[in-house]
Amino acid sequence: MRRGIATHLVRREAKTDIVCTFCKNKINTGEEYYLEEGIEEHLHSLLARKYCQNCYAKHGEKLLTLSD
4 MRRGIATHLV RREAKTDIVC TFCKNKINTG EEYYLEEGIE EHLHSLLARK
54 YCQNCYAKHG EKLLTLSD
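Next comes the structure, spelled out in structure tokens:
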């Protein structure tokens with residue numbers, strides 16, 4: 004949970020190059036990644052964390068608590 008907002012991760016396709024919040028590796032345009040999204044409340048895109056497929060495969064939803 005981030006700033007009192009319950010969140011989960013959803014799979015997305017990168018529209019531009021971005022960086023994984025956890026490992027800092029580059030996620031290239033067109034690659035799938037996992038975006039933090041509010042469950043019941045809106046989480047602004049500037050606050051939402053982004054994770055590469057490798058980090059998600061290793062840690063899953065636990066990433067939300069590991070990165071705090």
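The opening residue of the sequence shown carries number 4 in the numbering used here; numbering runs sequentially from there.
Backbone N, C-alpha and C fix where the C-beta goes; we use that ideal spot for every residue, glycine too.
Since this is a predicted model, take the numbers as computed values, not measurements.
- The continuous beta strand (DSSP E) containing threonine 10 extends over residues 10-16.
- Residue pairing for glutamate 40: DSSP places it in a beta bridge opposite His11.
- Judged by DSSP in its simplified three-state form, lysine 53 adopts strand.
- For threonine 68, the uninterrupted alpha helix (DSSP H) segment begins and ends at 66-69.
- With distances taken between CA atoms, alanine 17 lies nearest to Gly33 out of Ala51, Glu43, Gly33, His45.
- Pairing leucine 50 with glutamate 40, the inter-Cα distance amounts to about 10 Å.
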